[in-house]
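Participant: Supplied in structure tokens, the structure appears directly below.
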Amino acid sequence: MTDQAKPRPEFRNINIFKDVRTYRLPVAAKVSILHRISGMIMFVLLPFVFWMFDTSLSSEISFATFKSAFNEGLGFIPGWFIKLATLGLIWGYLHHLCAGVRHIMIDMNHERITKQWGASSAVTVLVVSIGLTVVLGAKLFGLY
Amino acid sequence: MSSVNYGTKRIVTGAHYGARDWLVQRATAVLIVVFTVVVLAQLLFSKGAISYELWAGIFAPQWMKFITASVIVSMLWHAWVGVRNVWMDYVPAAGLRFTLQVLTIVWLVGCGAWGFEVLWRV
Chain A
817 MTDQAKPRPE
827 FRNINIFKDV
837 RTYRLPVAAK
847 VSILHRISGM
857 IMFVLLPFVF
867 WMFDTSLSSE
877 ISFATFKSAF
887 NEGLGFIPGW
897 FIKLATLGLI
907 WGYLHHLCAG
917 VRHIMIDMNH
927 ERITKQWGAS
937 SAVTVLVVSI
947 GLTVVLGAKL
957 FGLY
Chain B
396 MSSVNYGTKR
406 IVTGAHYGAR
416 DWLVQRATAV
426 LIVVFTVVVL
436 AQLLFSKGAI
446 SYELWAGIFA
456 PQWMKFITAS
466 VIVSMLWHAW
476 VGVRNVWMDY
486 VPAAGLRFTL
496 QVLTIVWLVG
506 CGAWGFEVLW
516 RV
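Respectively, the protein sequence lines represent chains A and B.
Per the numbering used here, residue 817 is the first one in the first sequence, and the count goes up by one each step.
Per the numbering used here, residue 396 is the first one in the second sequence, and the count goes up by one each step.
Below you can see the structure in the form of structure tokens.
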């Protein structure tokens, strides 16, 4: 045995208070936990989704309410807050979609189950989802 | 793990639903993506600001209501599989987990019914 790699820390049971700060996730694991977080965000915001569906579709008057909610706010809820929730939905949907497509690609061709493909596809997911979020978010907040 | 699997020691997970959930998760996901593309395409290929007529017009035809209704069900089912997995992974206490699962169903079914009501109002 020559030139052994220096021993790496071994985690058997991660403690949320002790280990999480020093435990470094590989990029594929980051995409994985974000897949979960983005799903839970959309689950929690589901009534907001159906409120938007309702308000935008029900009538011309409610459509106007829908539009003004994003600018002037709605009742005690300021417009920026509604935009922020929408931004959360946009990122959540995009990340969840891209990470889901990655899963289906792995399912369709098992030769993709390698460390290399796992890492490179995870980077692609982050680049595409965050890139599109920035583009759509800038539009949402009226930057162009 | 104890070999006893009855009474209070009974294991309340593992009923061979893994493969079905796996397939449902993918089938519903594809439906939701197709729906997204169908709606987005109609918005992107329109000119100018999105008017109420355009937006409501997308959901007016019966075939669109047909598709949207099954996409709402797909969303609820998809969310159920995912959220239940989250509870199963992070909430080991069976009573609390069960409570959360029931509340999840209430949350999802309530939202879905709301969606149906809106859909047939247009």
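All C-beta atoms, glycine included, are put in the ideal place defined by N, C-alpha and C.
#1: Taking Cβ positions only, does residue 443(B) come closer than 7 Å to chain A?
#2: CB residue 427(B) to CB residue 469(B), shorter than 7 Å?
#3: Could you name the residues of chain B that residue 852(A) contacts, counting a contact when the two beta carbons are closer than 7 Å?
#4: What residue from 829(A), 864(A), 937(A) and 927(A) has the CA that sits closest to residue 846(A)'s CA?
#5: With a CB to CB cut of under 7 Å and the five nearest residues on each side skipped, what residues in its chain are close to residue 510(B)?
#6: Hey, residue 504(B) and residue 870(A) are a contact pair by Cβ (cut 8 Å); roughly how many whole angstroms apart?
#7: Could you name the residues of the same chain whose beta carbon sits closer than 7 Å to that of residue 496(B), not counting the 5 residues immediately before and after it, in chain order?
#8: Taking residue 874(A) as the query, report the chain B residues whose CB atoms sit under 8 Å from its CB, ordered along the chain.
#9: With distance defined between alpha-carbon atoms, name the residue in 471(B), 453(B), 455(B) and 403(B) nearest to residue 866(A).
#10: Can you give the Cα-Cα distance for residue 925(A) and residue 935(A), rounded to whole angstroms?
#11: Take every Cβ of the segment 852-867 of chain A, pair it with every Cβ of the segment 899-910 of chain A, and state whether three or more of those distances are shorter than 8 Å.
#12: Could you have a look at residue 823(A) and say whether DSSP puts it in helix, strand or coil?
Facilitator: According to the data block:
#1: Residue 443(B) sits at position 48 when you count from the first residue of the second sequence. It does not: the Cβ of residue 443(B) has no partner Cβ on chain A nearer than 7 Å.
#2: Looking up residue 427(B) in the second sequence gives position 32. Looking up residue 469(B) in the second sequence gives position 74. Result yes, Cβ atoms of residue 427(B) and residue 469(B) sit closer than 7 Å.
#3: In the first sequence, counting from the first residue as 1, residue 852(A) sits at position 36. Within 7 Å Cβ-Cβ: 481.
#4: The count along the first sequence starts at 1 and reaches residue 846(A) at position 30. The candidate whose alpha carbon is nearest that of residue 846(A) is 937(A).
#5: Locating residue 510(B) in the second sequence gives position 115, where the first residue counts as 1. For residue 510(B), where only same-chain residues beyond five positions count, the Cβ hits under 7 Å are 467.
#6: Mapped onto the second sequence, residue 504(B) falls at position 109. Mapped onto the first sequence, residue 870(A) falls at position 54. So it is not a contact: roughly 16 Å between Cβ atoms.
#7: Looking up residue 496(B) in the second sequence gives position 101. Excluding sequence neighbours, residue 496(B) sits near 479 and 482.
#8: Against the first sequence, residue 874(A) aligns to sequence position 58. Residues of chain B passing the Cβ test: 513, 516 and 517.
#9: The residue labelled residue 866(A) in the question sits at position 50 within the first sequence. With distances taken between Cα atoms, residue 866(A) lies closest to 471(B).
#10: Within the first sequence, the letter at position 109 stands for residue 925(A). Within the first sequence, the letter at position 119 stands for residue 935(A). Cα-Cα distance, rounded: 16 Å.
#11: yes
#12: The count along the first sequence starts at 1 and reaches residue 823(A) at position 7. Coil at residue 823(A), not helix or strand.
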